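Asker: One structure, as structure tokens, below. Some questions next.
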């Protein structure tokens, strides 16, 4: 019983990662293309946090 719960949790986490990674990638790319946000320290910090998920 514990194994299937763990397997389901792992599979669910992998699916979430597959779903969110393209969105993060798109956001980061768009942000870095914009000179106004590229130089913003708060935005750079936020991007660094998001990249941890990739």
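In the UniProt record's numbering, the protein residues as written are 1 to 54. Beta carbons: idealized from backbone N, C-alpha and C, even for Gly. The structure displayed is predicted, hence computed values, not measured ones.
Roughly how far, in whole angstroms, is the beta-carbon of residue 50 from the beta-carbon of residue 24, given that I think they are within contact range, below 8 Å?
Answerer: Counting from 1 along the chain shown, the entry for residue 50 is found at position 50. Counting from 1 along the chain shown, the entry for residue 24 is found at position 24. Contact holds; Cβ gap of about 5 Å.
Asker: For residue 7, which three-state DSSP category applies?
Answerer: Reading the chain shown from its first residue, position 7 is the one you call residue 7. It is helical.
Asker: Could you please give the first and the last residue of the uninterrupted alpha helix (DSSP H) stretch that includes residue 49?
Answerer: Indexing the chain shown from 1 puts residue 49 at position 49. Looking at the DSSP string, the run of the alpha helix (DSSP H) that includes residue 49 is 41-51.
Asker: Have a look at 11, 4, 44, 13 and flag the residue whose alpha-carbon is nearest the alpha-carbon of residue 29.
Answerer: Along the chain shown, one-based indexing puts residue 29 at 29. Ranking 11, 4, 44, 13 by Cα distance to residue 29 puts 44 first.
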